[in-house]
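*Asks:* Residue numbers (my numbering): 693 to 1116.
All C-beta atoms in this analysis are idealised placements derived from N, C-alpha and C, irrespective of residue type, glycine included.
Computed from a prediction, not measured in an experiment: that's the story for all the values here.
1) Which residues in the same chain as residue 715 place their Cβ atom closer than 7 Å to its Cβ, once the five residues preceding and following it in sequence are excluded?
2) What alpha helix (DSSP H) runs, 4 residues minimum, are completely inside the region 997-1031?
3) Could you check if residue 829 is buried or exposed, using at least 16 other CB atoms within 10 Å of its CB as the buried criterion?
4) Along the chain, where does the alpha helix (DSSP H) containing residue 898 start, and where does it finish?
5) Can you name the residues that DSSP bridges to residue 739?
6) Do three or more CB pairs link the region 913-922 to the region 988-999 at distances below 8 Å?
7) When DSSP labels each residue in this structure, what does residue 785 get in the three-state scheme?
8) What three-state label does DSSP hand residue 921 in the structure shown?
9) Taking the beta strand (DSSP E) that residue 844 belongs to, which residues open and close that run?
10) Could you check if residue 730 is buried or exposed, using at least 16 other CB atoms within 10 Å of its CB as the buried criterion?
11) Report the three-state DSSP secondary structure of residue 759 (helix, strand or coil).
12) So the candidates are 936, 900, 1069; which of them puts its Cα closest to the Cα of residue 910?
13) To the nearest angstrom, how far is the alpha carbon of residue 693 from that of residue 870?
14) Using C-beta distances below 7 Å, list every residue in its chain close to residue 927, excluding the 5 sequence neighbours before and after it, in chain order.
15) Checking contacts by CB at 8 Å: is residue 836 closer than that to chain B?
16) Hey, how far is the Cα of residue 778 from the Cα of residue 838?
17) Could you give the residue range of the beta strand (DSSP E) that holds residue 952?
18) If the criterion is Cβ atoms closer than 8 Å, does the pair residue 814 and residue 836 meet it?
19) Using the beta-carbon count (16 or more within 10 Å), is residue 768 buried or exposed?
20) Identify, in the order they occur along the chain, each residue of the same chain with its Cβ nearer than 8 Å to the Cβ of residue 789, setting aside the five sequence neighbours on each side.
21) What are the start and end residues of each continuous alpha helix (DSSP H) run of 4 or more residues lying completely inside the region 941-991, in chain order?
22) Can you tell me whether residue 828 is helix, strand or coil according to DSSP?
23) Could you tell me whether the region 982-990 touches the region 1054-1064, using the rule of 3 or more Cβ pairs below 8 Å?
24) Go ahead and pull the three-state DSSP assignment for residue 823.
25) Applying the criterion that 16 or more other CB atoms from any shown protein chain within 10 Å of the CB defines a buried residue, is residue 1045 buried or exposed?
26) Could you spell out the range, first to last residue, of the beta strand (DSSP E) harbouring residue 1047?
27) Going by DSSP, what residues sit across from residue 818 in a beta bridge?
28) In whole angstroms, give me the CA-to-CA distance for residue 698 and residue 745.
29) Do you know whose CA, among 912, 913, 936, 907, lies nearest residue 923's CA?
30) Among 874, 842, 762, 775, which one has its Cα closest to the Cα of residue 1035?
31) Any idea what DSSP makes of residue 1162, helix, strand or coil?
32) Can you tell me whether DSSP reads residue 713 as helix, strand or coil?
33) Could you give the first and the last residue of the continuous alpha helix (DSSP H) run that contains residue 801?
Spelled out as C-alpha cells, the structure:
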C-alpha cells in the first residue's frame, strides 16, 4: 500500500463551489430483482496505492454476486492535483459514484453540496461500529457525508543493526530515553545521523502539540483562530526542536523534499519518524533489520499522541447509481472486507474490534497511539491553511533557524486565522 496517500491526506486543494442539486430520486438502498442491475456500471475512484490487490478482488467478487449484472469500474487517481479534479467531477451530471478522499478534505467537499448525505444509511453501512475519533472527519454540520475507511499514523522506524552497534538493547520508554539513545547513535561509527527529521514535518509536530494538551487552532468568541502562540504550542516546538537537533535534515524542507524514505534506505541513518511506506524496501535493507515503535512521551509506556491521517469513502450527490453506491459501501466496509484490508495493508481499521487483524510490525507499533489520535479542525476552510505556502511549515522553519518564537508564532497565527475566516 502506498503510504504517500497518508502524507498527502493533509495536503488539501482549494475547493470551489459545487452544484448541490440531486440528479435523481432513486432509492438509496439496494433493492430490485437481479435482472435490474444488468448493464449497470458503478464507477469508483481510489487513490494510488490504496486498494490493495486481495481486498479489491474480494470486494469486486462480493459486489458482483450481490448485484448480478452490475460491474465495477475502478479507476486509480494520483494525489497530485486531485483536489481540483474531484471538485470538477462533483459538479458534473455524471460523476464517479464513489470516491476516496483524504480525511482533512471531506468537510470541504461536503460543504459545497457535492456529497450525498449518508445519515439515513449510516447503520446499514456499518456506522454503529466506527470509532468516534476516526468518524469525526466524515461528518459535517452533524450529518454523515462519508464513511471512514482506514487510518494510520507515524511511528519511529529504526535500523536495528545501527542501534545494536550503539549498544542499545531495547526501545525507549520515554522521551528522555529516546534522547539518550539518539545521543549514543550520533557517536557510533557508521551512523551519519541518529535521526532524519526535516524541519517542516508538521504532522509529527501536530502530535506533539496534542501531547502538550494543545491544538493548532481554537475557537475564540465563535471565530476560529490560530493557536501557535499558546504555551502548549511552544512546549511542543521545544520537543520537536530537540529531536531535530539530532538530525542533519534541512530545516526548511518537509519529509518529501527529499523523500525521507530514500535517505533512510541508504543504511547509515539511525531512525526516522514516518509512515509504513517510508520503511525501506527489503532490497535496500532486509525487513528483519528494521524495527518500529511508537514515539514515546514523557510518561513511561504512554505513546505520544499522533496526527491521524486516512481516507474516507463518499458518494457523489449527482451519482446516477446511488442504490448501488450504498450497496458498495456496505460490502467494502463490512467486517470481512475491512478486516482483510487491515490485515493486508497493515492500517488502523474503522472498527476497533478489528484492530487485532492489523498485525504487521508497523501497524502493531502504530495502534497504541491511534486511540489518542486526532486530525485538524473539521472545517471546509482548513484546506486553505494547508495550501502552499503552509504557514505552519514556515513557522517551524523560522523557529528552528533561530527566529524569535513569539514573532514567528504570531505571524503564523495571523495567517491561519485569515485563511480560516476568508469568505467562501
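*Replies:* Let me lay it out:
1) Caution is warranted here: a pLDDT of 37 is assigned to residue 715, below 50, making its placement in the model unreliable, and the coordinate value is therefore given only provisionally. Cβ neighbours of residue 715 beyond the five flanking positions: 785, 1010, 1012.
2) 1014-1024
3) buried
4) 894-903
5) 769
6) no
7) coil
8) coil
9) 839-844
10) exposed
11) coil
12) 1069
13) Model confidence at residue 693 stands at a pLDDT of 39, short of 50, so the residue's coordinates are unreliable and nothing is read from them.
14) 904
15) In summary, chain B is missing from the structure at hand, where a single protein chain is found.
16) 15 Å
17) No beta strand (DSSP E) contains residue 952, which is instead part of the alpha helix (DSSP H) from 952-956.
18) yes
19) exposed
20) 734, 735, 736, 1007, 1008, 1011, 1012, 1013, 1014, 1016, 1017, 1020
21) 952-956
22) helix
23) yes
24) coil
25) exposed
26) First-last for residue 1047: undefined, no H or E at that position.
27) Looking at the DSSP assignment, residue 818 forms no beta bridge with any residue, so it has no partner.
28) Per-residue confidence for residue 698 stands at a pLDDT of 38, beneath the threshold of 50, marking its modelled position as unreliable; no derived number is given.
29) 907
30) 842
31) Any answer about residue 1162 is impossible in this case: the structure gives the chain only from 693 up to 1116.
32) Bear in mind that a pLDDT of 38 at residue 713, under 50, signals an unreliable position, so the number given afterwards is only what the model happens to contain. Coil, per DSSP.
33) 798-803
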